[in-house]
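Read left to right, the sequence shown gives residues 3 to 321 (this note's numbering).
Report on the structure given below.
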Amino acid sequence: MSEVKVEHFYGIYPSSAYGNLLLVDPLLPPRKCYVDCITCPLRRDRVTEASLTASQPSQILGNIEERLPTGVELNGVLLWGSGDPLQLVNIHEILLSLRAFLSSRGIGRKLYVHTSLLGLLKCSEGSAQERARFVLEQVDVLLIPFLWYGAEKYLLGWPRERSFSEYLELLRKTFESNRDKLIIELHLFKVHENYYPEHFHIDETVAVLRYIKAEALVLKPVDRPPASPHVKPLPESRVKRVCEFFVEEGFKVNIDRYEPPSTPPRWQKTATVLYNHLLRIPSKYVEIKAMYGDLGIIALNNLLSKNMVSRIPWSGDIY
């Protein structure tokens, strides 16, 4: 196996809600994020600089082009990985470059950025306001996780830096002018024997969604091991009931699930892509087989033998 190194490109996210998205981490490990969400799969070596500079866009694009798979329909690019992309002072340059790349390669038309309420708020203040305006012009979708609000909100990852009312006002104003570009992502999971959401979480969230005038949302069942060992998946019957409840309340609901392709894409440097994938997204053997084929399993065994990745038992499976 040739040299394997950490890179910006880390594979494909095959989503039931968004299609096949190229995964790009403009920040690179270690983790650098404003928030500490309980459902995040990245280990908690949090870095809190107000703003960071990523690699040059040419480096990121070069990395993607070297590893771009064939034999699979691609629907866009998702920026997510080691932290909130809105932390980056050069996020505008990265977005412009990715937009041009999508256009030149004919890869879907969607540019997704996975951010946070605190990241969006910080990006909308003071000298950073121009950055927020530019981001909203360039992206197709901002994915914003909304952890269930309740007495235990800080344990789930709500940042203490700002009040809840500030986040709500930010969302309300942003929805007024960019309704089609924001998606609220609600994570479904349990901690010990506590379900998230319980009925009171749902009632409070419905009130919030109506206040900010959101009409649609995405449910994201937690389906792989987060950093916290106490977080487990929600029973499928419960996921279905939560979905039905929001539909009955008049919301358009989509469920985002990991759906591997029926035929593995053809990869350049399979071991490198797989290594970078596993650094950010723990995956089961069957998922690796479906996404990377027999070469992926050979690469996985090599990575395990070199202690570059490790097995994680979680909820009856090995990741």
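All C-beta atoms in this analysis are idealised placements derived from N, C-alpha and C, irrespective of residue type, glycine included.
Predicted, not measured: the structure shown is a model, and the values here were computed from it.
Residue range 112 to 116 is occupied by the beta strand (DSSP E) that includes Lys112, with no alpha helix (DSSP H) assigned at that position. Taking Ser285 as reference, the option from Tyr36, Pro43, Glu95 with the minimal CA-CA separation is Pro43. Distance from the Cα of Lys308 is smallest, within the candidate group Pro237, Tyr277, Ile320, Met293, for Tyr277. For the options Val311, Thr41, Leu24, the alpha carbon positioned closest to that of Leu188 is the one of Thr41. In the structure shown, Ala209 adopts helical secondary structure according to DSSP, grouped into three states.
The continuous alpha helix (DSSP H) containing Val137 extends over residues 131 to 140. Secondary structure of Asn196 (DSSP, three-state): strand.
By the C-beta density criterion, Tyr15 is buried, having at least 16 other C-beta atoms within 10 angstroms. Non-local beta-carbon contacts of Thr72 in its own chain, meaning distances under 7 Å to residues more than five positions away in sequence, involve Pro267, Arg268 in chain order. A Cβ-Cβ distance of about 18 Å is found for the pair Arg226 and Tyr197, leaving them out of contact under the 8 Å criterion.
Put simply, the stretch 94 to 106 does not touch the stretch 289 to 299. Fewer than three CB pairs are less than 8 Å apart. Within a 10 Å sphere around the beta-carbon of Ile96 sit 16 or more other beta-carbons, which makes this residue buried.
Per DSSP, Leu80 is one residue of the beta strand (DSSP E) stretching across 78 to 81. Straight-line measurement puts the Cα of Asn304 at about 43 Å from the Cα of Leu123.
Apart from sequence neighbours up to five positions away, the residues of its chain that approach Cys245 with a beta-carbon distance below 7 Å are Leu221, Val255, Ile257, ordered along the chain.
For Trp316, DSSP records a beta bridge to Asp319.
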